[in-house]
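Quick notes on the structure that follows.
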Amino acid sequence: MPELAEVEYSRKQWNPGIGEIVREVRTHPKSRIYREIPAVAVEKGLTNRALVASYAHGKQMMFEFSGGAWLGLHLGMTGKLFVAELDRKEEKRDHLILRMKEQQLIFSDYRMFGKLTLELRDDGSPPPWWQELPPQTTGPDFTKKRHAAFVKRFPKTPLKTLLLDQRGYPGIGNWMADEICWRISIPPHTRSGELTDAQIDSVWKATRQISRDALKHVGDNWGVLPKSWLMTHRWKDGGICPRKHCKAELIRADLRGRTTCWCPSCQR
DNA sequence: GGAGATGTTTCAAG
DNA sequence: GCTTGAAACATCTC
182 MPELAEVEYS
192 RKQWNPGIGE
202 IVREVRTHPK
212 SRIYREIPAV
222 AVEKGLTNRA
232 LVASYAHGKQ
242 MMFEFSGGAW
252 LGLHLGMTGK
262 LFVAELDRKE
272 EKRDHLILRM
282 KEQQLIFSDY
292 RMFGKLTLEL
302 RDDGSPPPWW
312 QELPPQTTGP
322 DFTKKRHAAF
332 VKRFPKTPLK
342 TLLLDQRGYP
352 GIGNWMADEI
362 CWRISIPPHT
372 RSGELTDAQI
382 DSVWKATRQI
392 SRDALKHVGD
402 NWGVLPKSWL
412 MTHRWKDGGI
422 CPRKHCKAEL
432 IRADLRGRTT
442 CWCPSCQR
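FYI, the numbering for the first sequence is 182 to 449, going by this note's numbering.
Listed below in structure tokens is the structure:
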């Protein structure tokens, strides 16, 4: 599930804990989630600290705690963040639980592709890797020029696959990449090197637009995406292209290891 | 039982 | 050093 907008949504799920002190930390020490840092270090590092703020950047999230502790989270394929009452029973897939006065913040992930880091810093600044993340697709530094250079760097890579590269397009995931290709009527398997300058331009525009639209629609309460989007049709067998007057049956096929959906009529 | 799932990392080859 | 492409990771659901 987690792409740009869903990550932003997830980050906000822990907002009720802002300003609250972590009284107890529960972990699953053997979980794969703790491959970057031992669970004990996370328990020690977060106990008695207050959650100060949270940030999202592409698919990455950062939670700032008092005293310069920075908790980085990535949801992988199946990670979830939520708040629960204190009497909620611990479940097998809860990897991190932060118990506060009247609630607990939970990170669960059954497939365990998620990732967790914790860094304690003296100077109050976020970890360097966080500051060096590539420009957000909704921000001012995601320029046409930067995008064009990135496209030209990987001429053999199919456009859809290129859009999944987090170095170029942080936050773009499988459905958004398909949505972008569909919106501008380019087949997802088109090699980057075969795109015209005008097409490269339209990819840039669509990427910005769809990023912004996705954030707007998912919003604070998982808004429903418009029926006019490819996304709302892509998983149905025999799904129909939602473009006006098209009505072609959508195709789903593997492209470089990811399920890809496109319209054989619009995208040629 | 097998295939597939809205993601990243790693490794080998050119 | 770079790009490219496949496999691995772990578990649940259909």
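All C-beta atoms, glycine included, are put in the ideal place defined by N, C-alpha and C.
Check                                                                                                                               : Outcome
Starting from TRP356, follow the alpha helix (DSSP H) in both directions and report where the run begins and ends.                  : 355-364
Checking the sheet assignment: what are the DSSP bridge partners for PHE246?                                                        : LEU232 and ALA250
So for GLU300, helix, strand or coil by DSSP?                                                                                       : strand
If you draw a straight line from the C-alpha of TRP410 to the C-alpha of GLU430, how long is it?                                    : 15 Å
Report yes if the CB atom of TRP195 is closer than 8 Å to the CB atom of VAL264, and no otherwise.                                  : yes
Classify THR441: buried if its beta carbon has 16 or more other beta carbons within 10 angstroms, exposed otherwise.                : buried
From the DSSP output, in three-state form, read off GLU205 for me.                                                                  : strand
Apart from the five residues on each side of it in sequence, which residues of its chain come closer than 6 Å, Cβ to Cβ, to ARG280? : ARG204 and GLU205
Apply the 10 Å Cβ neighbour rule to THR318 and answer buried if 16 or more other Cβ atoms are within range, or exposed otherwise.   : buried
As a quick exercise: from GLY253, TYR215 and GLN347, pick the residue whose alpha carbon is nearest that of PHE331.                 : GLN347
Using DSSP bridges, identify the partner residues of ASP418.                                                                        : Bridge partners of ASP418: none, in fact.
Where does the unbroken alpha helix (DSSP H) through PHE331 begin, and where does it stop?                                          : 325-334
Of the residues ARG207, ALA434 and ALA379, which one's Cα is nearest the Cα of LYS341?                                              : ALA434
How do the region 283-290 and the region 310-329 stand: do at least 3 beta-carbon pairs fall below 8 Å, yes or no?                  : no
Does the region 295-313 come close enough to the region 244-257 that 3 or more CB-CB pairs lie under 8 Å?                           : yes
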